[in-house]
Amino acid sequence: MVLKSAFRPTCVAVMALAIGLMASHGSAAEKADAKNADKAELKTIELFSAMEAGDIDVKLIPKSSKQATVLIENKLGTPVCIKLPDAFAGVPVLAQMGMGGMGMGGMGGMGGMGGFFNVKPGKVAKLRVPTVCLEHGKPEPNPRMAYKLVPIETLTTKPEVIELCKMLGSGQLVQSAAQAAAWHFTDNMSWEQLAQKVGVEHLIGPSEPYFTVQDIQLGMRIAAESMRRVRENPAYREPVKSLSQN
């Protein structure tokens, strides 16, 4: 099911790898074998487990409720392959500041990375991820406020929201439409309430809606797809575990 809209296209980064056909130190097949061998030697670590162990240092810098940058530093002396969860969340370090929490996906399908990426020792990887606000009415996240990355179940246990964030991370959704669907689930807002939400107010002239008609229509489709995925995923009928890993 394609959930992108012709009205508001998103930009998905694509990574390409060029391989030379001839080289002075061996054939293309030999070089490919060496590359695969190096990759096999990489230590694969799960994001949150590595954070807890101190193997990596992670910073989350929100640009707004729509986008954030994740900085991941490899603290080990060897290269590592980091596995991202399919969905995760960002929460303010100082909860008393009242800032809103964000949901985001693990880039499972973006750029062909498949949820894995490599970081050399002592180096910092930078990931830009689309996000949605999961707490309607709270102040907008901004770069001046300290946020931290947490499992998405820390912020919400609603499976529909988790599935939505998975799709957002894989580049399948328009952010604004995904936001409408997210608030429909997290804050029980009706589609009529979302359609009437005010975005920009002008001193002269009518105010602008927060969501366009296309956002609402596409948001309804996203919500329906999220619910379908929940119904068809047996993991949601099993005892509690990390649903963002499925």
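FYI, numbering that gives the first Met the number 0 numbers position 62 of the sequence shown as 61, with every residue one higher than the one before it. Cβ coordinates follow ideal geometry from the N, Cα and C atoms, glycine included.
Are there 16 or more other CB atoms within 10 angstroms of the CB of residue i, so buried, or fewer, so exposed?
i	result
Leu-93	exposed
Gln-195	exposed
Asp-56	exposed
Val-123	exposed
Val-79	buried
Pro-205	exposed
Glu-51	exposed
Gly-136	exposed
Leu-167	buried
Kindly indicate the opening and closing residues of the beta strand (DSSP E) around residue i.
i	result
Ala-124	123-132
Leu-70	66-73
Glu-45	42-45
Ala-234	Counting along the chain, Ala-234 falls outside any beta strand (DSSP E), and DSSP gives it neither H nor E.
Leu-148	146-150
Gly-89	86-91
Asn-141	Looking at the DSSP string, Asn-141 is not in any beta strand (DSSP E), and its letter there is neither H nor E.
Asn-117	115-118
Does any residue of chain C bring its CB to less than 8 Å from the CB of residue i?
i	result
Phe-47	Within the model displayed, chain C is absent; a lone protein chain is all it includes.
Indicate the three-state DSSP secondary structure (helix, strand or coil) for residue i in the structure shown.
i	result
Leu-172	coil
Val-221	Reading off the sequence shown, one finds Ile at residue 221, where the question assumed Val. Note: Ile-221 maps to helix in three-state DSSP.
Tyr-209	coil
Met-166	helix
Met-101	strand
Glu-159	helix
Asp-56	strand
Give me the residue from the options with the minimum Cα distance to residue i.
i	options	result
Val-149	Val-90, Ile-55, Ile-81, Met-219	Val-90
Ile-161	Gln-216, Gly-218, Ala-88	Ala-88
Ala-234	Phe-184, Tyr-209, Pro-158	Pro-158
Asp-85	Ile-151, Ala-179, Trp-190	Ile-151
Gly-170	Pro-61, Asn-73, Ile-221	Ile-221
Glu-191	Ile-203, Leu-202, Pro-208	Pro-208
Val-229	Ile-203, Val-128, Pro-61, Lys-165	Lys-165
Could you give the residue range of the alpha helix (DSSP H) that holds residue i?
i	result
Leu-202	No alpha helix (DSSP H) contains Leu-202, which DSSP labels as neither H nor E.
Leu-193	190-195
Is residue j closer than 8 Å to residue i when the C-beta atoms are compared?
i	j	result
Ser-63	Asn-141	yes
Lys-65	Gln-174	yes
Leu-46	Leu-83	yes
Leu-217	Thr-185	no
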